[in-house]
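Below: one structure, written as structure tokens.
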Amino acid sequence: MPVPRKLRCQVSTVIDHGERVYSIFLSPEKRFPNFLPGQFLHLALDPYDPSSFWPESRVFSIASASSSRQKLRITYSVKGKFTSRMEKELKVGKEVWVKLPYGNFVVSSNTDVVLFAGGTGITAFSAFLERLENDQETSISIFYGARNSDLLVYRSMIDKKVEFCPRLNAWYFFENGNPQKDYEVKGKLSVSSAFDMLDEPLKKEYYLSGPLGMLQSLRADLIAKKIPAEQIKIDAWE
Ligand SMILES: Cc1cc2nc3c(=O)[nH]c(=O)nc-3n(C[C@H](O)[C@H](O)[C@H](O)COP(=O)(O)OP(=O)(O)OC[C@H]3O[C@@H](n4cnc5c(N)ncnc54)[C@H](O)[C@@H]3O)c2cc1C
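Just so you know, the sequence shown maps onto residues 321 to 558 in the numbering used here.
Here it is in structure tokens:
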């Protein structure tokens, strides 16, 4: 595992996805260290003086794959004080500090997996999905939910991967709006809907990412369906 490094970066692109959800791209003054899909970084908005303490920061999953170490992407939703500051201050050209990589929420490539992503929780999986090859041997089923379909901000990347990678299947859940396709479901992410789509669910490993309340309820439902606790991995955000 690479040793975490602190780097000064510049915001190079900002995408406003609506409903206070944003993606930003960061360009570092030196190349980013290598990292694994599913790892995260600490982002500080105030300047860092290497002879002093690390400033206040929050953690964000690294949404892009490490193949480009000149640029990386995070996606965040405004929740509290810090992310409100991000919304106000993160404009193109703004300097920020990051330290990375951290975390071990890394999806196994040796077993069939099921991924549940709530909202911006998809960022724990997007780098993994982006790197899938078409000769992928184990199966990957992703259930990706958001309040409305416009907030499924990584959907077009996933749709392209589904075309390219026969072992990947994706279903999209949204609370507002009407499903048009048979792989779209109205409502919140749910284990019972997912189990209707899965073959041999007891043999798979489950990865859950997103807000804590959602994860707790999905985990309880998986346990009730007799999935052993050691087959359930969680990346809780609160
Ligand atoms: C592994 C991981 C990955 C994550 N990835 C993403 C992501 O990709 N996108 C995303 O939108 N969110 C992500 N989050 C959540 C994100 O880090 C923030 O916690 C979340 O956005 C809350 O928003 P806020 O900081 O504005 O809220 P705030 O209300 O400002 O604070 C939220 C939490 O931060 C802690 N906190 C408060 N003050 C301080 C302080 N001075 N220093 C340090 N901590 C403090 C508190 O425990 C509080 O519960 C991730 C969290 C984790 C643990």
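Yeah, the Cβ is synthetic: ideal placement off N, Cα and C, and Gly gets one too.
The C-beta distance from S404 to G439 rounds to 17 angstroms, too long to meet the 8 angstroms contact threshold.
Look at S372 here: in three-state DSSP terms it is coil, with no helix or strand label. Within 7 angstroms of the C-beta of G423 there is at least one heavy atom belonging to ligand 1. Per DSSP, the unbroken alpha helix (DSSP H) holding S537 starts and ends at L532 to A544.
For ligand 1, a non-hydrogen atom lies closer than 7 angstroms to the CB of E376.
In the three-state scheme derived from DSSP, where H, G and I count as helix and E and B as strand, R325 is classed as strand. Cβ-Cβ distances below 8 angstroms link L518 to V434, S461 and K524 in the same chain, with the five nearest sequence neighbours on each side left out; the list follows chain order.
From the listed residues K419, P357, L532 and R351, the smallest Cα separation to D555 is found for L532.
Listed in chain order, the non-local C-beta contacts of R328 below 8 angstroms within the same chain comprise P348, E349, Y368, E415, V416 and W417, local neighbours out to five positions each way being set aside.
Ranked by how close their Cα comes to the Cα of K553, the residues R325, D470, V412 and F445 have F445 in first place. In this structure, the beta-carbon distance from P357 to F448 falls below 8 angstroms.
Of Q330, K506, A544 and P322, the smallest CA-CA separation from Q390 is found for Q330.
Put simply, the backbone Cα of K399 is about 27 angstroms away from that of F352. Here the distance from the Cβ of D555 to the nearest heavy atom of ligand 1 is below 7 angstroms. Comparing C-alpha distances from A364 to each of P370, S377, K419 and F373 shows the shortest one belongs to S377.
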